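Residue numbers (my numbering), protein chains in the order written: chain A, 655 to 956; chain B, 755 to 942.
The beta carbon of each residue, even a glycine, is placed where N, CA and C say it ideally should be.
Here the structure is a predicted model, which means the values were calculated and not measured.
For reference, the structure discussed in these notes is given below.
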């Protein structure tokens, strides 16, 4: 009973933490792969061909992740901002290499951008990105041939990577955004610490206070929880303290009535009555590697 | 008789742990803010290094436009001599308005617009401006996280005790940033 409540409490705290995500200006959809043709300007054949080709590049060790995104319009935002948000949201490129490149085309706005990750900046300098846009992509776009423009643009981007083998790995700026795993582990650690120490404190108080009322454990738990971190922790500790104190006090009364020993040893710490579970996660399909971008690249229009 | 001491001991231990955790958290966030500011300055330096090339490649064409080059040179000197963050921000906004004017001028000279070197430099400049705005936005986000910690209960108790106060946002230049926005339309 206690264990179940305890576990569900931990899960509640964790799920609340996981649900807290940032709101964004332009609504970034989740990706289907490296090629995301939201504006539907590519034929299924070309889309598949590009996807296979780009995935092969991306899956090679330290391979560059080149993403192609077409959208209908920018929703009034600047193409640089939208590209940055796609990049930040999807984390294109391998982590620590930051070798992602995004080719973003906003069809109705007639705007496009080649956006480079930190590590891709020396491979495709802004000037080179600008030249690809001016000389390779926009001439095709001007004639309305999006397929040719995108295909040749991607080929030109790939050529940049081929021409610079063993390019300098990305300078990971500062660790401003610890990875999900890192923050998950740290949150897990602190939740663990708080739960352990809080439980010990509440237990000690409940043990010594069991001859009196059954509710102070709850009050102390609530106060402690709020002090340590959040309302959620407060409610969790409050419930925990309440139940613990209630059980200990009840058992104490029972023992008193039947004139049995109320010592710690004889009562198994006050419970007289006591499993584990594990969780695993799975993933499938393509996933970007966690790269970041400082806003490099070049924009153009046609 | 032992009870109150034990309880007190446990409470003190928990409080001590909380203070330690909070203090370490504040130190870490403060470092992040400083680190992010360094990123902004790196991009300023990049622009600063880029400007002489741009000036050299366009000066020959723009013989009548002496004023804008004088302004750029002055802003550049101002940035080089800037000591405090405030002075740097000041020189930066001067540089931004001068560069904005240069971009408009270049637009009006077709022979410049078709020059491949000038086009490359313009793209590099636009890229640098975008990097600056990205890093500034991140700086503001980092400051926001830090300030929220410093100002909200109960972290503020520890923040006040250890002398951690609010850090400034980048608002002043964020406003000036809109001024030199120039759409190059180089592809046309």
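### Query
Is the segment 795-808 of chain B touching the segment 894-910 of chain B in the sense that three or more CB pairs, one from each, lie closer than 8 Å?
Fewer than three pairs of CB atoms, one per stretch, sit closer than 8 Å, so the segment 894-910 of chain B makes no contact with the segment 795-808 of chain B.
### Query
What's the gap between the Cα of residue 733 of chain A and the Cα of residue 787 of chain B?
Those two C-alpha atoms are separated by around 27 Å.
### Message
Can you tell me which residues form a DSSP beta bridge with residue 749 of chain A?
### Response
DSSP lists no partner for residue 749 of chain A.
### Query
Taking Cβ positions, are residue 962 of chain A and residue 752 of chain A nearer each other than 7 Å?
Chain A is shown from 655 up to 956; residue 962 of chain A falls before or after that span and cannot be answered.
### Task
Mind reading off the beta-carbon distance from residue 726 of chain B to residue 896 of chain B? Whole number of angstroms is fine, and I expect it under 8 Å.
Only positions 755 to 942 of chain B appear in this structure, which leaves residue 726 of chain B out of reach.
### Task
Spatial neighbours of residue 856 of chain B within its chain, please: CB distance less than 6 Å, with the 5 preceding and 5 following residues excluded, ordered by chain position.
822
### Short CB-CB distance (under 7 Å) between residue 854 of chain B and chain A
no
### Message
Give me the residue from A:682, A:856, A:701, A:908 with the minimum Cα distance to residue 808 of chain A.
### Response
A:701
### Task
Would you decide whether residue 745 of chain A is buried or exposed? Buried here means 16 or more other CB atoms lie within 10 Å of its CB.
buried
### Task
Give every residue of the same chain whose Cβ lies closer than 6 Å to the Cβ of residue 955 of chain A, excluding the five residues on either side of it in the sequence, and list them in chain order.
764, 765
#### Entry: Boundaries (first-last residue) of the beta strand (DSSP E) holding residue 874 of chain B
First-last for residue 874 of chain B: 870-905, but that is the alpha helix (DSSP H), not the beta strand (DSSP E).
### Among A:689, A:708, A:711, A:741, nearest to residue 681 of chain A - alpha-carbon criterion
Here the closest residue by C-alpha is A:741.
### Task
Note down, in chain order, each residue of its chain lying with its Cβ closer than 8 Å to the Cβ of residue 692 of chain A, except the 5 sequence neighbours on either side.
683, 723, 724, 725, 726
#### Entry: Contacts that residue 885 of chain B makes with chain A (C-beta to C-beta distance below 8 Å)
948, 949, 950
### Separation of residue 843 of chain B from residue 850 of chain B, as counted between CA atoms
10 Å
### Query
Do we get a CB-CB distance below 7 Å when we pair residue 902 of chain A with the residues of chain B?
no
### Query
How is residue 794 of chain B classed by DSSP in three states: helix, strand or coil?
Residue state, collapsed to three classes: helix.
### Task
Please confirm whether residue 946 of chain A and residue 780 of chain A have their CB atoms less than 7 Å apart.
no
### Query
Which same chain residues, not among the five before or five after residue 857 of chain A, have their C-beta less than 7 Å away from its C-beta?
So the list reads 898, once near-sequence residues are dropped.
### Task
At 9 Å on the CB atoms, spell out the chain B contacts of residue 855 of chain A, in chain order.
761, 764, 765, 767, 768
### Query
Of all the residues that make up the segment 711-738 of chain A, which are near chain B by a beta-carbon distance shorter than 7 Å?
The segment 711-738 of chain A vs chain B, Cβ under 7 Å: 734, 738.
### Message
Between which residues of its own chain and residue 898 of chain B is the CB-CB distance below 8 Å, once the five residues before and five after are set aside?
### Response
923
### Message
At the level of alpha carbons, what is the spacing between residue 893 of chain A and residue 841 of chain A?
### Response
Between residue 893 of chain A and residue 841 of chain A, the C-alpha separation is close to 21 Å.
### Task
Using a Cβ-Cβ cut-off of less than 8 Å, list which residues of the segment 769-793 of chain A approach chain B; keep chain order.
779, 780, 781, 783, 784, 785, 787, 788, 792
### Task
Mind checking who residue 767 of chain A pairs with in its DSSP beta bridge?
A:758, A:953
### Query
Are there three or more Cβ pairs, one per stretch, closer than 8 Å when the segment 869-879 of chain B is compared with the segment 781-798 of chain A?
Enough Cβ pairs lie closer than 8 Å, so yes.
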